[in-house]
Amino acid sequence: MGIPISLDGERFCVSPDTRLPMWYWQRSQLDVDRGPYENPEAVLTAVGSKEVAYPERFGRPLLPFQREEAYELVRLWPKPLEDSHPARHCQRAHTHKPDKSDYMQVYGRYHARLVHYRYVKSTMELNEPHHDILWDLVSIFIRRLFDHAGAPWEGETHDLKALLVEVEGRWAELAGAGVPCPVEFKLDDVSKTKAFSERLQLSGENYVGCQAIIGFETETWVPNGHYERAKALAELLKLNLL
326 MGIPISLDGE RFCVSPDTRL PMWYWQRSQL DVDRGPYENP EAVLTAVGSK
376 EVAYPERFGR PLLPFQREEA YELVRLWPKP LEDSHPARHC QRAHTHKPDK
426 SDYMQVYGRY HARLVHYRYV KSTMELNEPH HDILWDLVSI FIRRLFDHAG
476 APWEGETHDL KALLVEVEGR WAELAGAGVP CPVEFKLDDV SKTKAFSERL
526 QLSGENYVGC QAIIGFETET WVPNGHYERA KALAELLKLN LL
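Going by this note's numbering, the sequence shown opens with residue 326, and the numbers climb by one from there.
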């Protein structure tokens with residue numbers, strides 16, 4: 326740990342990318358580079374190339390899943406779908422008597438946080454260069470850009486565009502003086518993008534609130550034991566909103 330390795334040397338490589346965004350849905354059928362990678366540039370290129378290839382082969386009209394109201398679209402409340410795996414969050418203990426699955430979910434969250442704490446603490450003590458990179462503000466911003474560029478498309482691209490607007494404003498900080506920025510936005514486009522970001526933030530907060538009340542997960546999946554209760558809560562919430 327902490328042993329310097331030249332990025333141009335023959336010993337350097339980045340392992341195959343097994344993260345979910347590289348394989349999600351029909352992306353597993355794409356003939357794209359998933360590593361191993363011989364240099365950092367190949368890693369950065371691969372995530373974007375994958376998302377360019379996906380709509381070219383499997384593209385279809387798709388509405389933004391979580392924030393339709395910000396786009397002034399009308400949406401019917403989704404029917405929760407059954408799922409065989411337990412939910413990862415237990416945010417509904419105050420709405421019903423806790424059962425065994427609730428306690429297991431709370432335990433799972435506590436265990437995950439404990440593992441994260443131990444990882445951060447051990448990294449700080451045993452691998453200081455890596456720890457410094459993890460907490461460097463510029464590095465954090467670059468990781469956000471990397472994640473958004475490779476995130477599976479779910480009907481909207483605003484988050485990536487908003488981040489690119491921020492990239493243009495911080496380009497000198499990211500690349501150094503004298504390096505031309507590869508993206509450029511007009512002032513009125515920047516203003517509209519920032520204003521829309523505020524609308525989406527409110528919409529996102531509303532979605533998270535509904536998610537906490539009903540207890541559904543990604544794409545409205547819920548654990549089998551919570552299915553009937555989630556349906557009843559969704560109907561009650563819909564009646565109160567309409």
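Backbone N, C-alpha and C fix where the C-beta goes; we use that ideal spot for every residue, glycine too. Keep in mind the model is a prediction, meaning the values are calculated, not measured.
According to DSSP, residues forming a beta bridge with Y362:
BP columns for Y362 point to V339.
Helix, strand or coil for W350 per DSSP?
Reduced to three states, the DSSP call for W350 is helix.
Looking at C-alpha atoms only, which residue of S374, L489 and F383 is the closest neighbour of Q354?
Closest by alpha carbon: F383.
By Cβ distance, which residues of its chain are closer than 6 Å to Q351, with the 5 residues on each side in sequence left out?
Its chain contains F383 as the residues whose beta carbon lies nearer than 6 Å to that of Q351, once the 5 sequence neighbours on both sides are disregarded; these appear in chain order.
For P548, which of helix, strand or coil comes out of DSSP?
In the three-state reduction of the DSSP assignment, P548 falls in the strand class, which pools E and B.
Helix, strand or coil for A502 per DSSP?
Of the three classes helix, strand and coil, the one that applies to A502 here is coil, per DSSP.
Give me the residue from Q526, K446, Y349 and V490 with the minimum Cα distance to E479.
Residue Y349 is the option with its Cα nearest to E479.
Straight-line CA distance for K511 to L369?
It is roughly 26 Å from the alpha-carbon of K511 to the alpha-carbon of L369.
Would you kindly work out how many angstroms separate the C-alpha atoms of S484 and M347, rounded to a whole number?
Just to set this straight, residue 484 is Asp in the shown sequence, not Ser. Rounded to whole angstroms, D484 to M347 spans 19 Å at the Cα level.
On the CB-based measure, 16 or more other CB atoms within 10 Å of its CB, does D461 come out buried or exposed?
Only exposed fits D461, as fewer than 16 other CB atoms lie within 10 angstroms of its CB.
For the candidate residues R344, E363, R385 and L387, whose alpha-carbon lies nearest to that of V590?
Since the first and last residues shown for the chain are 326 and 567, residue 590 lies out of range.
To the nearest angstrom, report how far apart E553 and I539 are at their CA atoms.
For E553 and I539, the distance between alpha carbons rounds to 11 Å.
Using 10 angstroms around the beta-carbon of P507, count the other beta-carbons present and answer buried if the total reaches 16, otherwise exposed.
The residue in question, P507, is exposed, as its Cβ has fewer than 16 Cβ neighbours within 10 Å.
Span of the alpha helix (DSSP H), counted from its first residue to its last, around A474:
Note, A474: alpha helix (DSSP H), L462 to G475.
Compare the beta carbon distance of R469 and L488 with 8 Å and say whether it is the shorter of the two.
Yes. Within cutoff.
What whole-angstrom Cβ distance do T448 and H441 have, given they're in contact under 8 Å?
Contact flag wrong, Cβ pair sits at about 11 Å.
R417 versus S464 - alpha carbon distance:
Only weak support is given to the placement of R417: the predicted model assigns it a pLDDT of 39, under 50, and the question is left unresolved by the model.
Express the C-alpha separation of E481 and F555 in angstroms, rounding to a whole number.
Rather than Phe, the amino acid found at residue 555 in this sequence is Ala. Between the alpha carbons of A555 and E481 lies a distance of about 27 Å.
Option nearest R336 by Cα separation, candidates Y362, D356 and Y444
For the residues Y362, D356 and Y444, the minimum Cα distance to R336 belongs to Y362.
Please report the distance separating the alpha-carbon of V515 from that of R495.
Straight-line spacing of the CA atoms in V515 and R495 works out to 14 Å.
Ends of the alpha helix (DSSP H) at K517?
Where K517 is concerned, the enclosing alpha helix (DSSP H) stretches over L512 to I539.
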